[in-house]
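Shown next, in structure tokens, is the structure this report addresses.
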Amino acid sequence: MKKFFTIATWAVSIAAVCLAATSCKKTPTPAEPANLETAISFNSSTETTLTVNINVQDGATGYTYAIGQASDAESFADGTMSGIMTQQDPSIAEVTFEGLTADTQYTVFAQAFNAAGEKGGVARLAAKTAAPEQAPDLNITAVMEDGDITEDSFMIRLTYTEDVQTIEYAVATAADQEAFENGTLEGIKTTAPEKTLIISNLKRGTEYTVFIRAKAGELTGATQVVTGTTMQIDLSLELVEDALTTTSATIHAIPGGDASKFKYTTAVAGIDDLFVNGQWPEISWINSPDPINIKVTGLTAGSDNMFYAQAYAANGARGTLQKLAFKTKTE
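Here the sequence shown stands for residues -20 to -1, 1 to 311, numbered as in mature numbering (1 follows the signal peptide of the UniProt record, and there is no 0).
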């Protein structure tokens, strides 16, 4: 008599056999994925190098890395990027890339791997090389115009950049430039940067050369040379004795040198400052460089008088105050 098995009966039988037999295999449990995370951190940079730290997890046996641009991410991941390198010792984290361009943005890529050939995700870090260090701009322009010269001084106008920390200068002759530049010239002075440099206590009618250069720390700019001759604004006064009377006197005024005009007055002694500063109420001008006789009237017989005069150059520089004392005749 045939036996018939239903599907349910067949399933139960198979289950019973598997429980009794050691040859039945269970479905394997999936293995835990390897921990292959990678981290990149910036270390340092110069104009031509970048140094980073690449750290991988304990499960990694090494890592690959490269430097390029952000657009290289795909080619690094598939291994076709140029310049990919391999580090077989995962404990070595510091990596330096050399031969780079200054002040340029780069992207560093890294990917860990293990002994089974598994790879982690691609890590990336954007970093920039250092910009070239700019040398300070120590160029300086020194200009002196005719109106900047007096009998005893020069005023030199300076133009320079904010990089300038001090200004070094000396007054000498044209032959002293080498001594100035090597620091052996006597009388070299240092001053804070100003828009004008006043050179004073010079001799009248004398040519001078002024050497000037800008400095920043130990760095020194090129030497600027300014040459000029101080003015000689002369004026001499003579009393014309034959013309002297009880109420008048004649003064012979002789301008010279750079004098182009002069002012004068007659008064008592002791008004020097008032006259020089233009505060005396009675001041007259002779707008000519030629010798001239000036007649002074309205004086008192037998009185002591002082004739004051001061010459000026065309640029406004003034000469030394000149005085001539005289006494009118008595009746």
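Idealized CB from N, CA, C, for every residue including glycine.
Everything numeric in this text was worked out from a predicted model, so none of it was measured.
Expected contact under 8 Å - CB spacing of residue i and residue j to nearest Å
{"i": "T210", "j": "T153", "result": "14 Å between Cβ atoms; not a contact."}
{"i": "A277", "j": "T227", "result": "At residue 277 the sequence reads Thr, which differs from the Ala that was named. T277 to T227, Cβ: 6 Å. Contact."}
{"i": "P70", "j": "A40", "result": "5 Å"}
{"i": "N267", "j": "K241", "result": "5 Å"}
{"i": "L182", "j": "F134", "result": "7 Å"}
{"i": "Y149", "j": "V88", "result": "About 52 Å separates the two Cβ atoms, so there is no contact after all."}
Residues bridged to residue i [DSSP beta-bridge criterion]
{"i": "T130", "result": "None, per the DSSP bridge assignment."}
{"i": "S21", "result": "N33"}
{"i": "E148", "result": "T170 and R193"}
{"i": "E187", "result": "T209"}
{"i": "S216", "result": "I234"}
{"i": "A107", "result": "Y86"}
{"i": "A239", "result": "A293"}
{"i": "K307", "result": "D284"}
{"i": "residue 313", "result": "The structure shown does not extend to residue 313, since the chain is modelled only from -20 through 311, so no value can be given for it."}
Separation of residue j from residue i, as counted between CA atoms
{"i": "A249", "j": "L177", "result": "37 Å"}
{"i": "residue 375", "j": "R193", "result": "Only positions -20 to 311 of the chain appear in the structure, and residue 375 is not among them; the question remains open."}
{"i": "D132", "j": "K108", "result": "58 Å"}
{"i": "P271", "j": "Q145", "result": "51 Å"}
{"i": "Q204", "j": "I213", "result": "28 Å"}
{"i": "A73", "j": "G167", "result": "59 Å"}
{"i": "V75", "j": "S51", "result": "21 Å"}
{"i": "D83", "j": "D128", "result": "46 Å"}
{"i": "T200", "j": "D117", "result": "10 Å"}
{"i": "V206", "j": "E187", "result": "11 Å"}
{"i": "A57", "j": "A19", "result": "16 Å"}
{"i": "R184", "j": "T141", "result": "34 Å"}
{"i": "I47", "j": "K195", "result": "41 Å"}
{"i": "T246", "j": "Y288", "result": "6 Å"}
{"i": "L80", "j": "E174", "result": "42 Å"}
{"i": "I64", "j": "E113", "result": "31 Å"}
{"i": "A223", "j": "A294", "result": "32 Å"}
{"i": "E218", "j": "T170", "result": "46 Å"}
{"i": "Y43", "j": "A90", "result": "7 Å"}
{"i": "L105", "j": "E27", "result": "18 Å"}
{"i": "N162", "j": "I274", "result": "56 Å"}
{"i": "S3", "j": "G101", "result": "In this prediction, S3 has a pLDDT of 44, which is less than 50 and means its spatial position is unreliable; what the coordinates show is noted afterwards. So the two alpha carbons sit approximately 41 Å from each other."}
{"i": "Q68", "j": "A110", "result": "30 Å"}
{"i": "residue 314", "j": "A305", "result": "A query on residue 314 cannot be resolved here, the shown segment of the chain reaching from -20 to 311 and no further."}
8 Å Cβ cutoff, residue i in contact with chain C
{"i": "G127", "result": "Annotation note: the requested chain C is absent from the structure, which comprises a single protein chain."}
(request) Mind the definition here: the region 288 to 302 touches the region 233 to 244 only if three or more C-beta pairs lie below 8 Å; say whether that holds. (result) yes
(request) Identify every run of the beta strand (DSSP E) within the region 75 to 103, keeping only runs that are complete inside it and at least 3 residues long; order them along the chain. (result) 85 to 93
(message) Using 8 Å as the cut-off, can you tell me whether the region 91 to 101 makes contact with the region 115 to 125, which would need three or more C-beta pairs spanning the two stretches below that distance?
(response) Too few Cβ pairs lie closer than 8 Å, so no.
(request) Within the region 241 to 302, note down every full alpha helix (DSSP H) run reaching 4 residues or more, in order along the chain. (result) Entirely contained in the region 241 to 302, the alpha helix (DSSP H) runs reaching 4 residues are, in chain order, 252 to 256.
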